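Trainee:
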Amino acid sequence: MTTIAPIATVTSAVLAGLSRVGVLLVNLGTPDTADAPGVRIYLKEFLSDPRVIEDQGLIWKLVLNGIILRSRPRTKALDYLKIWNTERNESPLKTITRSQSDKLAAALSDRSHVVVDWAMRYGNPSIQSGIEALIAKGCERILAVPLYPQYSAPTSATVCDEVFRVLSRLRAQPTLRVTPPYYEDEAYIEALATSIEAHLTTLPFKPELIVASFHGMPKSYVDKGDPYQGQCVATTEALRRRLGMDAAKLLLTFQSRFGNAEWLQPYTDMTMERLAKEGVRRIAVVTPGFSADCLETLEEIAQENAEIFKHNGGEQFSAIPCLNDSEPGMDVIRTLVLRELQGWI
Ligand SMILES: C=CC1=C(C)c2cc3[nH]c(cc4nc(cc5[nH]c(cc1n2)c(C)c5CCC(=O)O)C(CCC(=O)O)=C4C)c(C)c3C=C
Ligand SMILES: [Fe+2]
Ligand SMILES: [Fe+2]
Numbered sequence: 027m028t029t030i031a032p033i034a035t036v037t038s039a040v041l042a043g044l045s046r047v048g049v050l051l052v053n054l055g056t057p058d059t060a061d062a063p064g065v066r067i068y069l070k071e072f073l074s075d076p077r078v079i080e081d082q083g084l085i086w087k088l089v090l091n092g093i094i095l096r097s098r099p100r101t102k103a104l105d106y107l108k109i110w111n112t113e114r115n116e117s118p119l120k121t122i123t124r125s126q127s128d129k130l131a132a133a134l135s136d137r138s139h140v141v142v143d144w145a146m147r148y149g150n151p152s153i154q155s156g157i158e159a160l161i162a163k164g165c166e167r168i169l170a171v172p173l174y175p176q177y178s179a180p181t182s183a184t185v186c187d188e189v190f191r192v193l194s195r196l197r198a199q200p201t202l203r204v205t206p207p208y209y210e211d212e213a214y215i216e217a218l219a220t221s222i223e224a225h226l227t228t229l230p231f232k233p234e235l236i237v238a239s240f241h242g243m244p245k246s247y248v249d250k251g252d253p254y255q256g257q258c259v260a261t262t263e264a265l266r267r268r269l270g271m272d273a274a275k276l277l278l279t280f281q282s283r284f285g286n287a288e289w290l291q292p293y294t295d296m297t298m299e300r301l302a303k304e305g306v307r308r309i310a311v312v313t314p315g316f317s318a319d320c321l322e323t324l325e326e327i328a329q330e331n332a333e334i335f336k337h338n339g340g341e342q343f344s345a346i347p348c349l350n351d352s353e354p355g356m357d358v359i360r361t362l363v364l365r366e367l368q369g370w371i
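Its first residue numbered 27, the sequence shown is counted upward by one per residue in this note's numbering.
(1) Quick check: what's the CA-CA separation for Glu-216 versus Arg-268?
(2) What number of angstroms, rounded off, separates the C-alpha of Asp-295 from the C-alpha of Asn-338?
(3) Going along the chain, which residues of its own chain have a beta-carbon closer than 7 Å to the beta-carbon of Arg-77, five neighbours each way excluded?
(4) How would you call Asp-143, buried or exposed, if buried means at least 16 neighbouring beta carbons within 10 angstroms?
(5) Using a Cβ-Cβ cutoff of less than 7 Å, which residues in the same chain neighbour Leu-290 once the five nearest sequence positions on both sides are dropped?
(6) Evaluate contact between the region 49-64 and the region 121-133, counting only Cβ atoms and requiring at least three cross-stretch pairs below 8 Å.
(7) For the region 140-171, which segments carrying the beta strand (DSSP E) assignment without a break, of at least 3 residues, lie completely within its bounds, in sequence order?
(8) Mind checking whether the beta-carbon of Ser-117 lies closer than 7 Å to any heavy atom of ligand 1?
(9) Using a strict less-than 6 Å threshold between each residue's beta carbon and the heavy atoms of ligand 2, what residues do you get?
(10) Within 10 angstroms of its Cβ, does Gly-315 collect 16 or more other Cβ (buried), or is it exposed?
(11) Return helix, strand or coil for Ile-93, following the three-state DSSP convention.
(12) Give the straight-line distance between the Cα atoms of Pro-57 and Trp-86, rounded to the nearest whole angstrom.
(13) With a 10 Å radius around its C-beta and 16 neighbouring C-beta atoms as the bar for buried, classify Asn-350 as buried or exposed.
(14) Indicate the three-state DSSP secondary structure (helix, strand or coil) for Leu-362 in the structure shown.
(15) Hey, is Leu-321 close to ligand 3, as in C-beta under 7 Å from one of its heavy atoms?
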């Protein structure tokens, strides 16, 4: 049965005349600790989400609990250790998302009734705690911002599911808006292009080509109607136009395959191997689908895929940082948020 949460905090804020607008930045989530128990808790929550693994039947439950959660946490914890932010003792995804939130708050500080916070879909800080904190600060309107340029059900939709689940337990709900995907927004394409150009000037070599690697997903999800692949293609084509590069100079690939089903192709790792074997010696890889550097960019691309490329004859490999909390990156988030807050501020 759905329980109705107490609304005392909401009521007192409203009575005090503190009606505010809340902005909640949300990214995927990451383990709290870089060890097997921490990764197990994270993977269990993540992989039990029917938006991520659509068939949550008995066979999947047996595979998840009997195989995956027994072995993967140990190996993945070692990968997390390679990229861990030891200063703050947290995953880079958290450090960067917090900084994006702080910088957005600073950029909107002249609008005192706007409150900015951040949350993770899986793990901590949770979406529930983020929404409760905004409500406690008097926010009667909330803009949820899934930090994914391209929409997909396993990422953007599940953020909405969780936001709606939290609101479903409230008697006095805040009014809700959700930012749309921004896969071909001018500010986003411009930010990607300038960050690529700036990065290339820092390299001691000139890449023969650039690979744009997006997180993959099972092909069947797209066949059933997920628009993700089309939006990745649209981003890449817009970037090609902006950079004056053709499909042979800016390639589109999909990484992070999980399980045995067919995922979106071409696969990043197989492309690295193919390119090196065909004689390409110098490449750069950009990851436009990730708004913040994380395990998939810092370890899988910058370490694993660099190794695959070099092992097969490649010589120079450079991973281009995500937009993160850089000036162009914050320009994207600020532009998106200000556009979607129109009429509220
Ligand atoms: C069926 C499984 C998965 C789907 C579908 C999926 C889609 C998807 N994921 C991202 C972004 C990220 N994924 C990250 C890690 C990660 N992804 C999966 C599985 C699926 N992702 C797993 C099991 C993991 C954990 C690591 C591992 O065990 O391999 C991350 C990094 C998180 C971090 O802690 O740094 C991100 C970001 C997108 C955009 C996406 C949809 C297209
Ligand atoms: Fe993923
Ligand atoms: Fe990965």
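All residues carry an ideal CB built from backbone N, CA and C; glycine is no exception. No experiment lies behind these values; they were computed from the predicted model shown.
Mentor: Working from what's here:
(1) Looking up residue 216 in the sequence shown gives position 190. Looking up residue 268 in the sequence shown gives position 242. Each residue's Cα considered, the two are about 8 Å apart.
(2) Working through the sequence shown from its first residue, we reach residue 295 at position 269. Working through the sequence shown from its first residue, we reach residue 338 at position 312. Distance between the alpha carbons of Asp-295 and Asn-338: 11 Å.
(3) As a working note, residue 77 is residue 51 in the sequence shown. Hits under 7 Å: Ala-179, Pro-180, Ala-183, Thr-184 and Asp-187.
(4) As a first step, residue 143 is located in the sequence shown; it is residue number 117 there, counting from the start. It is buried - the Cβ of Asp-143 has at least 16 other Cβ atoms within 10 Å.
(5) Here the question's residue 290 lines up with position 264 in the sequence shown. Excluding positions up to five away in sequence, the list reads Gly-242, Met-243, Lys-245, Val-248, Gln-255 and Phe-280.
(6) Touching, yes, given that three or more Cβ pairs across the two stretches are closer than 8 Å.
(7) DSSP runs (the beta strand (DSSP E)) wholly in the region 140-171: 140-148.
(8) Numbered from 1 along the sequence shown, position 91 holds the residue referred to as residue 117. Proximity of the beta carbon of Ser-117 to ligand 1 is indicated: a heavy atom of the ligand is located closer than 7 Å.
(9) Counting every residue whose Cβ lies closer than 6 Å to a heavy atom of ligand 2, we get His-241 and Ser-282.
(10) Here residue 315 is taken as the residue at index 289 of the sequence shown, counted from 1. So Gly-315 ends up on the buried side.
(11) Counted from its first residue, the sequence shown places residue 93 at position 67. Helix at Ile-93.
(12) Taking the first residue of the sequence shown as position 1, residue 57 is located at position 31. Taking the first residue of the sequence shown as position 1, residue 86 is located at position 60. Pro-57 and Trp-86: Cα-Cα distance of roughly 22 Å.
(13) On the sequence shown, residue 350 is found 324 positions in, with the first residue counted as 1. By the neighbour-count rule (16 or more Cβ atoms within 10 Å), Asn-350 is buried.
(14) Translated into positions along the sequence shown, residue 362 becomes position 336. DSSP places Leu-362 in helix when its eight states are reduced to three.
(15) For the purposes of this step, residue 321 is taken as residue 295 along the sequence shown, with counting starting at 1. Yes.
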